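Student:
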Amino acid sequence: MNEVIQQTEDQLRGYIPEGELRATAYWVIEETTGMSRTDILSGKCTKIVPEVSDVLRRIQRHEPVQYIFGHTYWRGMELAVNPSVLIPRPETSELVDWILEDNTAEHLTLTDAGTGSGCIAIALKKEQPKWQITALDLSSEAIETARKNGEAQGTDIRWRKADMLHLPEDLHTDILVSNPPYIMNKERAAMERNVLDYEPQTALFVPDSDPLLFYRALAGQHRAGTLYFEINPLQAQAMKEMLQKEGYLHIETRKDMQGKERMMKATECSLAELDTLVPLLI
């Protein structure tokens, strides 16, 4: 193995997941020096230069490499990220896959509530360019980041500053998708420092006293026939019960690549089905 890559990996070990060490080492050197992987492998990079050392020190302070470089790669896209938005996760890509698998019609309206970097809305629009997609976020900084990402990816998406607890009155959509805050404060002890210290807390945490706050608000406003959520596996059963009370009879869950119940789909029941359901909920 190239000695510089080995040295870089050694300095990253303990700060980056073991399975991501090699890729991150190359990324740090390529991004910082402007060299290609071919240049590195051919021996043009013979030592860790000061610029690389600076990046490694920041990573060792638990700063996410994606924030250091200002972008990440997700579903084959380069997306701008900064501390106003969460870094897109692989699990969220699985949610996108589920939506695309279920919905093949060319003409649909979809709303992404709490869009952050815009990753969900942009990924869906690239796969289904005729869908009318609206993306919402309460953070002006997040909306600006998402808008820039959408423009860079050549997508036509309506970006709106809005609170998911109080959706715009004129918003009615076939599908509503959301990855809202769902981590309880009591779960902090199990979280990595790079997330706790740098990613936006308002996009992560929900009060322990009401962990379904955002899901209940979105479901209760009845602006979409079908909901897709990324969820906290610890709240899967409570989510099902809440959605049933809100009139969503058809509920499905899916596990993520780690085998955890991470995604949920809910379809609003018909009036006839609601007549059957109501006595059971009283």
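Sequential numbering of the sequence shown, starting at 61, is according to our numbering. All C-beta atoms, glycine included, are put in the ideal place defined by N, C-alpha and C. These numbers were taken from a predicted model, which means no experiment stands behind them.
Run through DSSP, which three-state label would E166 get?
Tutor: If DSSP states are grouped into helix, strand and coil, E166 belongs with coil.
Student: Can you grab the Cα-Cα spacing for the pair E312 / S238, in whole Å?
Tutor: For E312 and S238, the distance between alpha carbons rounds to 15 angstroms.
Student: So, W191 versus L225, is the Cβ gap smaller than 9 angstroms?
Tutor: No. Outside cutoff.
Student: For V141, count neighbouring Cβ atoms within 10 angstroms of its own Cβ and tell me buried if that reaches 16, exposed if not.
Tutor: Buried is the call here.
Student: State the DSSP-derived secondary structure class of Q192, mapped to helix, strand or coil.
Tutor: Strand at Q192.
Student: Tell me the DSSP secondary structure of E259 in three-state form.
Tutor: E259: coil per DSSP, three-state reduction.
Student: State the start and end residues of the unbroken beta strand (DSSP E) segment that holds F285.
Tutor: It is worth fixing the name first, because residue 285 is Gly in this sequence and not Phe. Unbroken beta strand (DSSP E) run through G285: A284 to E290.
Student: So, T164 versus D234, is the Cβ gap smaller than 9 angstroms?
Tutor: The answer is no: Cβ separation not under 9 angstroms.
Student: Rounded to a whole number of angstroms, what is the C-alpha to C-alpha distance between L81 and H282?
Tutor: Approximately 45 angstroms between the Cα atoms of the pair.
Student: Between the region 197-208 and the region 172-186, are three or more C-beta pairs nearer than 8 angstroms?
Tutor: Counting Cβ pairs under 8 angstroms, three or more are found: they touch.
Student: Helix, strand or coil, according to DSSP, for K185 in the structure here?
Tutor: Three-state DSSP puts K185 in a helix.
Student: Alpha carbon to alpha carbon, how far is A85 from I65? Give it in angstroms, no decimals.
Tutor: I65 and A85: Cα-Cα distance of roughly 6 angstroms.
Student: Going along the chain, which residues of its own chain have a beta-carbon closer than 8 angstroms to the beta-carbon of I100, five neighbours each way excluded?
Tutor: The residues are N62, V64, I65, Y86, I89 and E90.
Student: Jot down the residue ranges of each uninterrupted alpha helix (DSSP H) in the region 80-118, minimum 4 residues, whole runs only, in chain order.
Tutor: The region 80-118 contains these whole alpha helix (DSSP H) runs: 81-93 and 97-101.
Student: Exposed or buried, which one is K221 when buried takes at least 16 other CB atoms within 10 Å?
Tutor: Label assigned to K221: exposed.
Student: Taking Cβ to Cβ, would you say N245 is nearer than 9 angstroms to F274?
Tutor: Result no, Cβ atoms of N245 and F274 do not sit closer than 9 angstroms.
Student: I need the boundaries of the alpha helix (DSSP H) containing V64, first residue and last residue.
Tutor: Taken as a continuous stretch (DSSP letters only), the alpha helix (DSSP H) holding V64 covers E63 to L72.
Student: Could you spell out the range, first to last residue, of the alpha helix (DSSP H) harbouring R121?
Tutor: Element bounds for R121: n/a, residue is neither H nor E.
Student: If you compare alpha carbons, which of A263, K315 and Q318 is closest to P148?
Tutor: Checked all of A263, K315 and Q318; the closest Cα to P148 is A263.
Student: Which runs of the beta strand (DSSP E) spanning at least 3 residues fall entirely within the region 289-324, listed in chain order?
Tutor: Those beta strand (DSSP E) runs which fall completely within the region 289-324 and span 3+ residues are 308-315.
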